[in-house]
Amino acid sequence: MIGDETLASAEAEDGLKYELHFHRGTGSGGGDRHSEICNCLQSLGLKTPLRHQLPADIANFTGRAAELERAIAILRQATQNTGKLPMLMVSGAAGVGKSAFAIHAAHQIQSSLPELQLYVNLRGTENQPLAPQEVLNGFLQTLGVNHRLASTNLAEQLSLYQLMLAGRQVLIVLDNARDAAQVQPLLPDSPTCAVIVTSRQRLELAGTTLELEPLPSAEALELLQKVGVVLPLAIAEQLITLCGHLPLALKITGGTLHSKAQSFESYTSKLADERQKLEQLKSSYLDVRASFAVSYAQQEEAIARLLRLIGLLVRPNLSAAIVSAMLDCDLKTADKILSKLVKSGLLESTDSGCFRLHDLIRLFAKEQLARGESAEMRRIVRLRASGWYCKTAELLALALDSTRSLHLTSLEKQPLSPAEDALFSLALTWFETEKLNLLAALDWAAQAQSWETVVRLAQSLANFFDLRQDWKNWEQTHRLALEATRKLGDRT
Numbered sequence: 006m007i008g009d010e011t012l013a014s015a016e017a018e019d020g021l022k023y024e025l026h027f028h029r030g031t032g033s034g035g036g037d038r039h040s041e042i043c044n045c046l047q048s049l050g051l052k053t054p055l056r057h058q059l060p061a062d063i064a065n066f067t068g069r070a071a072e073l074e075r076a077i078a079i080l081r082q083a084t085q086n087t088g089k090l091p092m093l094m095v096s097g098a099a100g101v102g103k104s105a106f107a108i109h110a111a112h113q114i115q116s117s118l119p120e121l122q123l124y125v126n127l128r129g130t131e132n133q134p135l136a137p138q139e140v141l142n143g144f145l146q147t148l149g150v151n152h153r154l155a156s157t158n159l160a161e162q163l164s165l166y167q168l169m170l171a172g173r174q175v176l177i178v179l180d181n182a183r184d185a186a187q188v189q190p191l192l193p194d195s196p197t198c199a200v201i202v203t204s205r206q207r208l209e210l211a212g213t214t215l216e217l218e219p220l221p222s223a224e225a226l227e228l229l230q231k232v233g234v235v236l237p238l239a240i241a242e243q244l245i246t247l248c249g250h251l252p253l254a255l256k257i258t259g260g261t262l263h264s265k266a267q268s269f270e271s272y273t274s275k276l277a278d279e280r281q282k283l284e285q286l287k288s289s290y291l292d293v294r295a296s297f298a299v300s301y302a303q304q305e306e307a308i309a310r311l312l313r314l315i316g317l318l319v320r321p322n323l324s325a326a327i328v329s330a331m332l333d334c335d336l337k338t339a340d341k342i343l344s345k346l347v348k349s350g351l352l353e354s355t356d357s358g359c360f361r362l363h364d365l366i367r368l369f370a371k372e373q374l375a376r377g378e379s380a381e382m383r384r385i386v387r388l389r390a391s392g393w394y395c396k397t398a399e400l401l402a403l404a405l406d407s408t409r410s411l412h413l414t415s416l417e418k419q420p421l422s423p424a425e426d427a428l429f430s431l432a433l434t435w436f437e438t439e440k441l442n443l444l445a446a447l448d449w450a451a452q453a454q455s456w457e458t459v460v461r462l463a464q465s466l467a468n469f470f471d472l473r474q475d476w477k478n479w480e481q482t483h484r485l486a487l488e489a490t491r492k493l494g495d496r497t
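The structure is reproduced here in structure tokens:
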């Protein structure tokens, strides 16, 4: 599937060149404008992942042998004509490793269900989890439904979704679900499919629930060793206890210890002190937050600052490009800082070249943002981010220019090229993934009275909201743009 992503990216790049060639015209300076836009896009460092693709397997996955055996047996029923949809619901406390378990189990069963794997993070722990319509729209595109014809009507989406899955051996991973209502519309009727759902809640759905417990001491010790930390047994056991036997806390602690020249005794003492402070807060994620705090305190200021600033984003879809804008540095420096944050265990890299943040670490980042950055600095960084989102949205909005696309098709009497179609899909995915950040960027620009940015960003979003029939956001952004033009004195 990585090969497919590379091919799609190459086709999208070719499509962009085709797009810009069409727009540059034949007048003087047209070629310079074409080169300027191409160079601008390259400088943005855009790497848009395919949203509905199984993430890479967990390299240092440890233990859970009995649970894995049970999970695989349940999922394999999709190949046994049982007449019933095999569904595994994985629940457990924050940081216990639900997502890692689901992804690892999916890779173990992948050869039995090789036709297609669909994956989505439902963002159930966030203020705005993904709506079933958003998920279905993306799944339908992955299943081969032309994105230009896809409906936004839930009933129509469901009917087409079930039709496309009927009789097919498809593995579906629904990660980080909020509740049963979010999951139910995404379940296939076909018993030849298999589904894995993860949630902090026990979901009242037909299927098998597997509740993960913290790792046993032996497996926790093995995990520490896998991330490069070898300790005397007594110290290791103390560290494991302070981490609550939770894989997320152990990985972050291990990453910090592996990269820092300090005594294990000193680190363990700091972790114990942090735990004692947090006991008074009765925090719901006590065990992992303590490891976050100590690891954060050990980082260089540039790395710690990036973690804080990530807390500004509504959805942390990270690349070196947005980081360079927020930090006001070049891409090479941004890459270095991101790499160090990954080594610390506080950030994960993906196959697509982007980065992801665990929802608990994001919560911690927001806490540190309020403490470590002044209101004025938060305003400045938000404005930088708004500028980057505006510039990027303007470039990718060219691919969503439905009027121009229809004109080209009728003019040349031929369908759009595969490269142009790939570019359209890439742009649409980017807008869907970044929608909440784009809306936030628009608000930030308005708050900073950067009226030109408000107008440009609203214009760039218009085609996307039109394609998605998202009239609420279409109206909201147009009202902001209208107000901005009045502020600019432009009433045209």
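Just so we're aligned, residue 6 is where the sequence shown starts under the working numbering, counting upward by one.
Backbone N, C-alpha and C define an ideal beta-carbon position, used for all residues, glycine too.
Here the structure is a predicted model, which means the values were calculated and not measured.
Inset, instruction - Would you check if the distance between the CB atom of L228 and the CB atom of N65 is smaller than 8 Å? - result: In this structure, the beta-carbon distance from L228 to N65 falls below 8 Å.
Inset, instruction - Measure the alpha-carbon distance for N322 versus R376 and round it to whole angstroms. - result: R376 has its alpha-carbon roughly 23 Å from the corresponding atom of N322.
Legend entry - Collapsed DSSP secondary structure at I63 in the structure displayed: Three-state result, I63: coil.
Inset, instruction - Decide if the segment 70-78 is in contact with the segment 166-184; the criterion is three or more beta carbon pairs, one per stretch, under 8 Å apart. - result: No: fewer than three Cβ pairs fall under 8 Å.
Inset, instruction - Report back the beta-carbon spacing between C395 and T458 to the nearest angstrom; my notes put them in contact at under 8 Å. - result: That belief holds up - the Cβ atoms of C395 and T458 are roughly 5 Å apart, short of 8 Å.
Inset, instruction - Compare the beta carbon distance of A241 and L226 with 8 Å and say whether it is the shorter of the two. - result: Closer than 8 Å, so yes.
Inset, instruction - On a CA-only basis, which of S455, H109, E488 and Q138 is nearest G392? Give me that one, please. - result: Closest by alpha carbon: S455.
Inset, instruction - Alpha carbon to alpha carbon, how far is I315 from E131? Give it in angstroms, no decimals. - result: Those two C-alpha atoms are separated by around 15 Å.
Legend entry - Per-residue burial, D180 [other beta carbons within 10 Å of its own, 16 or more giving buried]: Note on D180: 16 or more other CB atoms within 10 angstroms of its CB, so buried under the neighbour-count rule.
Legend entry - Start-end ranges of the alpha helix (DSSP H) lying completely within the segment 179-266, minimum 4 residues: Listed in chain order, they are 185-188, 222-231, 238-247 and 252-264.
Inset, instruction - Classify S329 as helix, strand or coil using the three-state DSSP reduction. - result: Helix, per DSSP.
Inset, instruction - Determine the closest residue to F269 out of A239, I108 and N158, with distance taken between C-alpha atoms. - result: The candidate whose alpha carbon is nearest that of F269 is A239.
Legend entry - Environment of P60 [buried if 16+ CB atoms lie within 10 Å]: By the 10 Å Cβ count, P60 comes out buried.
Legend entry - Contiguous alpha helix (DSSP H) assignments of at least 4 residues, all confined to the segment 362-407: Runs of the alpha helix (DSSP H) inside the segment 362-407: 364-377 and 380-402.
Inset, instruction - Starting from the C-beta of A432, find all residues in its chain whose C-beta is less than 7 Å away, skip the five residues before and the five after it, and write them out in chain order. - result: The answer, listed in chain order, is L401, A404 and L405.
Inset, instruction - Can you grab the Cα-Cα spacing for the pair P440 / V386, in whole Å? - result: The identity of residue 440 in the sequence shown is Lys, whereas the question assumes Pro. Rounded to the nearest angstrom, the two C-alpha atoms are 19 Å apart.
Legend entry - 8 Å Cβ cutoff met for R81 and S117: The answer is yes: Cβ separation under 8 Å.
Legend entry - As assigned by DSSP and simplified to three states, the class of R29: The pLDDT assigned to R29 is 35, lower than 50, so where the model puts this residue is not dependable; a value taken from the coordinates is nonetheless given after this. Here R29 sits in helix by DSSP.
Legend entry - Cβ neighbours of L90 in the same chain (closer than 6 Å, five flanking residues each side left out): Annotation for L90: P196 place their beta carbon closer than 6 Å to its own, counting only its chain and skipping 5 residues before and after.
Inset, instruction - May I have the straight-line CA-CA distance separating Y23 from L251, to the nearest angstrom? - result: Here Y23 scores only 36 on pLDDT, less than 50, and its place in the model is too uncertain to base an answer on.
Legend entry - Per-residue DSSP class, three states only, for L343: In the structure shown, L343 sits in a helix (DSSP, three-state: H, G or I).
Legend entry - Helix, strand or coil at S465 [DSSP, three-state]: Correct three-state label for S465: helix.
Legend entry - Per DSSP, cross-strand counterpart(s) of M2: This structure does not reach residue 2, given that the chain is present from 6 up to 497, and the question cannot be answered.
Inset, instruction - Spell out the partners DSSP gives Y501 in its beta bridges. - result: Summary: the structure shown does not reach residue 501, with the chain confined to residues 6 through 497, and so no result is reported for it.
Legend entry - Beta-carbon separation (whole angstroms), Q304 vs S349, contact threshold 8 Å: Yes, they are in contact, since the Cβ atoms of Q304 and S349 sit about 6 Å apart, within 8 Å.
Inset, instruction - Look at the alpha carbon of A446 and the alpha carbon of Q452, and state the distance between them as a whole number of angstroms. - result: When rounded, the distance between both Cα atoms is 10 Å.
Inset, instruction - Classify L121 as helix, strand or coil using the three-state DSSP reduction. - result: Secondary structure at L121: strand, using DSSP grouped into helix, strand and coil.
Inset, instruction - Identify, in the order they occur along the chain, each residue of the same chain with its Cβ nearer than 6 Å to the Cβ of R491, setting aside the five sequence neighbours on each side. - result: Cβ neighbours of R491 beyond the five flanking positions: none.
Inset, instruction - Indicate the three-state DSSP secondary structure (helix, strand or coil) for N322 in the structure shown. - result: Three-state DSSP puts N322 in coil, outside helix and strand.
Inset, instruction - Can you tell me which of the three DSSP states E439 falls into? - result: Helix at E439.
Inset, instruction - Taking E516 as part of the alpha helix (DSSP H), name the residues at either end of that continuous run. - result: Residue 516 is absent from the model: the chain starts at 6 and stops at 497.
Legend entry - L176 in three-state terms, based on DSSP: Three-state DSSP puts L176 in a strand.
Legend entry - Residue burial classification, G88 (beta-carbon count within 10 angstroms, cutoff 16): Counting the other CB atoms within 10 Å of its CB gives G88 a total below 16, which places it among the exposed residues.
Legend entry - Classification of Q167 by the beta-carbon crowding that lies within 10 angstroms, buried from 16 upward: Q167 comes out exposed.
Inset, instruction - Would you tell me roughly how many angstroms separate the C-alpha atoms of L444 and A302, rounded to the nearest one? - result: In a straight line, the C-alpha of L444 is about 32 Å away from that of A302.
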